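Visitor: Residue numbers (our numbering), protein chains in the order written: chain L, 150 to 244; chain F, 150 to 244.
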DNA sequence: ATCATGTGTAAATAATATCTTACAGGTGTA
DNA sequence: TACACCTGTAAGATATTATTTACACATGAT
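#1: Can you find a C-beta in chain F that's less than 7 Å from the C-beta of residue 167 (chain L)?
#2: Taking beta-carbon pairs under 8 Å, can you tell me which members of the segment 182–205 of chain F lie near chain L?
#3: Please determine, among L:167, L:194 and L:162, the residue with the shortest C-alpha to C-alpha distance to residue 179 (chain L).
#4: Roughly how many angstroms lie between the CA atoms of residue 232 (chain F) and residue 151 (chain F), to the nearest whole one?
#5: Tell me the DSSP bridge mates of residue 215 (chain L)?
#6: By the DSSP assignment, the alpha helix (DSSP H) with residue 177 (chain F) in it spans what residues?
#7: Using a cut-off of 9 Å between C-beta atoms, extract the partners of residue 221 (chain F) located in chain L.
#8: Short of 6 Å in beta carbon distance, which residues of its chain neighbour residue 194 (chain L), apart from the five on each side in sequence? Order them along the chain.
#9: Are the CB atoms of residue 200 (chain F) and residue 173 (chain F) nearer to each other than 7 Å?
#10: Less than 8 Å between the CB atoms is what I'm expecting for residue 164 (chain L) and residue 155 (chain F), so what's the real figure, rounded?
#11: Under the DSSP definition of a beta bridge, which residues are partnered with residue 225 (chain L)?
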């Protein structure tokens with residue numbers, strides 16, 4: 150989850166969805182100003198982390214639109230919460 | 150700051166310092182089980198993000214020990230706080 | 001048929017991050 | 001002198017992430 154948020158693009162994506170509400174991929178790509186394939190990749194990472202969810206819908210004119218919206222996640226980051234969370238890290242495995 | 154915490158090693162470093170208190174580089178490397186140069190690199194990133202601070206001290210037998218300790222940082226991660234924080238991201242600059 | 005819209009993904013490249021190894025210097029003690 | 005501990009960093013290899021470009025497929029309208 151932290152890795153998913155450690156990227157300016159993805160922060161902006163979450164911020165845009167949180168502020169402007171749900172949106173579909175192509176439109177979101179235009180608003181943020183990045184290419185659609187790149188946005189698609191970032192959305193995949195955000196969805197894998199549970200920060201956004203997608204729902205396929207049909208527009209009035211019959212086109213398939215994949216709408217994304219932000220989930221109501223919450224995480225507090227302090228030395229204490231990290232000490233607690235670090236216990237769930239496998240012994241000495243990385244990445 | 151998010152980038153600094155998006156790494157298992159660095160999470161463990163923060164957790165170890167938060168739980169066991171201040172420690173110097175070589176000793177911390179032994180406790181965590183990673184090489185000293187690698188720990189040094191991660192400590193640099195954590196310090197640059199303001200998550201830890203260092204202080205050079207002299208041990209009783211005259212050796213220079215660089216002690217690190219965690220700061221009392223705090224950050225709440227929700228869609229709303231991210232929307233707020235995203236405003237401070239430069240227009241369309243990355244990384 | 002062609003164009004404009006939407007979807008997805010694969011492949012190649014570019015840019016970062018991570019990690020190891022090796023070096024250089026310091027102090028104190030045997 | 002040699003060894004044990006401490007410090008730092010630079011160079012190179014490896015791994016991961018980010019980004020672009022190109023492709024394939026679908027629908028509705030011209």
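Heads up, the beta-carbon is just placed ideally off N, CA and C, and yes, glycines get one too.
No experiment lies behind these values; they were computed from the predicted model shown.
Guide: Judging by the given coordinates:
#1: Residue mapping note: residue 167 (chain L) aligns to position 18 of the first chain, counting from 1. Answer yes: the Cβ-Cβ gap between residue 167 (chain L) and chain F drops below 7 Å somewhere.
#2: If the cut-off is 8 Å between Cβ atoms, the segment 182–205 of chain F has 182 near chain L.
#3: Translated into the one-based positions of the first chain, residue 179 (chain L) becomes position 30. Among L:167, L:194 and L:162, the Cα nearest to that of residue 179 (chain L) is on L:162.
#4: Mapped onto the second chain, residue 232 (chain F) falls at position 83. Mapped onto the second chain, residue 151 (chain F) falls at position 2. Distance between the alpha carbons of residue 232 (chain F) and residue 151 (chain F): 15 Å.
#5: Here the question's residue 215 (chain L) lines up with position 66 in the first chain. Note: residue 215 (chain L) sits in a beta bridge opposite L:205.
#6: Residue numbering aside, residue 177 (chain F) sits at position 28 when the second chain is read from its first letter. Counting along the chain, the alpha helix (DSSP H) containing residue 177 (chain F) begins and ends at 174–181.
#7: As a working note, residue 221 (chain F) is residue 72 in the second chain. Under the 9 Å cutoff, chain L gives 227 and 228.
#8: In the first chain, residue 194 (chain L) corresponds to position 45, counting from 1. Around residue 194 (chain L): 153.
#9: Translated into positions along the second chain, residue 200 (chain F) becomes position 51. Translated into positions along the second chain, residue 173 (chain F) becomes position 24. No, these two residues do not count as a Cβ contact at 7 Å.
#10: Numbered from 1 along the first chain, position 15 holds the residue referred to as residue 164 (chain L). Numbered from 1 along the second chain, position 6 holds the residue referred to as residue 155 (chain F). Incorrect: roughly 18 Å between the Cβ atoms, too far for contact.
#11: For the purposes of this step, residue 225 (chain L) is identified with residue 76 of the first chain, where counting begins at 1. Per DSSP, the beta-bridge partners of residue 225 (chain L) are F:225.
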